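Engineer: I am attaching a structure below and will ask some questions about it afterwards.
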Amino acid sequence: MNLAENLRYLLLQVRNANDPMQTHEVESFSRVLGVSTERIAVHDMLNSLPSRQNTEQADICLLGGSGHYSAAGEGEWLMRALDYLRQLHAAGKPTFASCWGFQAMARAMGGEVVKDMERAEVGTHTLTLTEAGRADPIFGPLGETFFGQMGHEDCVTRLPANAVLLASSRRVKNQAYCFADAPIYCTQFHPELNRNDLLARVKIYPEYVERIENIPPEHFGELCRDTLETEQLLPRFVEHVFGGG
Numbered sequence: 001m002n003l004a005e006n007l008r009y010l011l012l013q014v015r016n017a018n019d020p021m022q023t024h025e026v027e028s029f030s031r032v033l034g035v036s037t038e039r040i041a042v043h044d045m046l047n048s049l050p051s052r053q054n055t056e057q058a059d060i061c062l063l064g065g066s067g068h069y070s071a072a073g074e075g076e077w078l079m080r081a082l083d084y085l086r087q088l089h090a091a092g093k094p095t096f097a098s099c100w101g102f103q104a105m106a107r108a109m110g111g112e113v114v115k116d117m118e119r120a121e122v123g124t125h126t127l128t129l130t131e132a133g134r135a136d137p138i139f140g141p142l143g144e145t146f147f148g149q150m151g152h153e154d155c156v157t158r159l160p161a162n163a164v165l166l167a168s169s170r171r172v173k174n175q176a177y178c179f180a181d182a183p184i185y186c187t188q189f190h191p192e193l194n195r196n197d198l199l200a201r202v203k204i205y206p207e208y209v210e211r212i213e214n215i216p217p218e219h220f221g222e223l224c225r226d227t228l229e230t231e232q233l234l235p236r237f238v239e240h241v242f243g244g245g
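In structure tokens, the structure reads:
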């Protein structure tokens, strides 16, 4: 029995209305969790916040990438979103955040996010667990090193005070963290994506490959591989929080 099938999810998106990755993101989380897309409610964070009722009805909140928006920026919508993330933490709402969500949660809780092209990453990259990561019930089974799907120009340069660093890459120290006082895990990489998913993302956002790797987009596939071990992070998160793991 798949425990995840009986839970309700709230995916908090930061994407333009015409972004084809809106649907793709839902499908990616659905696939890796092994649940129907009907179990995943979606809310557009650019225009409003979820109601208290919608938040409480969800068992787990999910955040992914953003396409065209930076967690290091400014704007009323972003300040509103950061305040909402602080509320999720205060309420102890089980949350898994990747990429933009990773950065936004760090900033919301007092960390620092900057745009840094020297530390930008795209493609499949090698990550290494910290001592805390090796001891963590969700990350530990990955082994000392593992692969993750990347696509970011912003990075977290300082974690919140109550965050526990779990993994790093060669370019970026802060690649994954959890909170010591809330069931919230965050990854700079995308555990919800496989190789084909990442290739689909880059087809929509080819500028990432050109700016970061300085290669033609048609050669991007050479930088990618499947990451089956990393795709187990979300199911383990569900089992740990709701299955007594």
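If you read the sequence shown in full-length UniProt numbering, its first letter stands for residue 1, the second for the next number, and so on. Note that CB positions come from ideal geometry on N, CA and C, so glycine has one too. From a predicted model like this one, the values you see are computed outputs, not experimental measurements.
Using the C-alpha atoms, what's the distance from A176 back to D44?
Structural biologist: C-alpha of D44 to C-alpha of A176: approximately 24 Å in a straight line.
Engineer: Identify the residues that DSSP records as bridge partners of E113: which are they?
Structural biologist: The identity of residue 113 in the sequence shown is Val, whereas the question assumes Glu. V156, per the DSSP bridge assignment.
Engineer: Under 7 Å Cβ to Cβ from A71, same chain only, skipping five residues before and after it: list those, please.
Structural biologist: Result list for A71: W100, Q103, A104, R107, V113, D154, in chain order.
Engineer: Return the CA-CA distance between S51 and P216, expressed in angstroms with no decimal places.
Structural biologist: 43 Å
Engineer: Residues in the same chain with beta-carbon distance under 6 Å from G111, minus the five sequence neighbours each way, listed in chain order, please.
Structural biologist: V156, R158, L159, P160
Engineer: What does DSSP give as the partner residues of T128 in its beta bridges?
Structural biologist: T145, S168
Engineer: Run through DSSP, which three-state label would F96 get?
Structural biologist: strand
Engineer: If you draw a straight line from the alpha carbon of K93 to that of L33, how long is it in whole angstroms?
Structural biologist: Annotation: K93 to L33 spans about 18 Å, alpha carbon to alpha carbon.
Engineer: Could you please give the first and the last residue of the uninterrupted alpha helix (DSSP H) stretch that includes H190?
Structural biologist: Taken as a continuous stretch (DSSP letters only), H190 belongs to no alpha helix (DSSP H), as it is neither H nor E.
Engineer: By alpha-carbon positions, which one of R201, W77, S48, T227 ends up nearest to E27?
Structural biologist: R201
Engineer: Kindly indicate which residue of R8, I212, L166, M79 has the alpha-carbon position closest to the one of M150.
Structural biologist: I212
Engineer: May I have a chain-ordered list of the alpha helix (DSSP H) segments no shorter than 4 residues that lie completely inside the region 12 to 94?
Structural biologist: As far as the region 12 to 94 is concerned, its whole alpha helix (DSSP H) runs of at least 4 residues are 21 to 33, 52 to 57, 76 to 91.
Engineer: Looking at the secondary structure, which residues open and close the alpha helix (DSSP H) in which F237 lies?
Structural biologist: Secondary structure note for F237: its alpha helix (DSSP H) is the uninterrupted segment 233 to 242.
Engineer: For the alpha helix (DSSP H) that Y205 lies in, which residues bound it at each end?
Structural biologist: From DSSP, Y205 is part of no alpha helix (DSSP H); its letter is neither H nor E.
Engineer: Could you tell me the distance, in whole angstroms, from the CA atom of L82 to the CA atom of C178?
Structural biologist: 17 Å
Engineer: Leaving out the 5 sequence neighbours to the left and right, which residues in its chain are closer than 8 Å to F242 when beta-carbon positions are compared?
Structural biologist: L3, L7, D59, P94
Engineer: I'd like to know if the region 73 to 87 and the region 161 to 171 are in contact, where contact means that at least 3 CB-CB pairs between them fall below 8 Å.
Structural biologist: no
Engineer: Only counting the same chain, and skipping five residues up and downstream in sequence, which positions put a Cβ closer than 7 Å to that of F146?
Structural biologist: L127, E229, T230
Engineer: Let me check understanding here. Comparing Cα to Cα, which of A91, E25, V14 lies closest to D197?
Structural biologist: In terms of Cα proximity to D197, the closest of A91, E25, V14 is E25.
Engineer: Does the Cβ-Cβ distance between N225 and R171 come in under 8 Å?
Structural biologist: Checking the sequence, you will find Arg at residue 225 rather than Asn. No. Outside cutoff.
Engineer: How many angstroms separate the CA atom of N16 from the CA atom of P141?
Structural biologist: 36 Å
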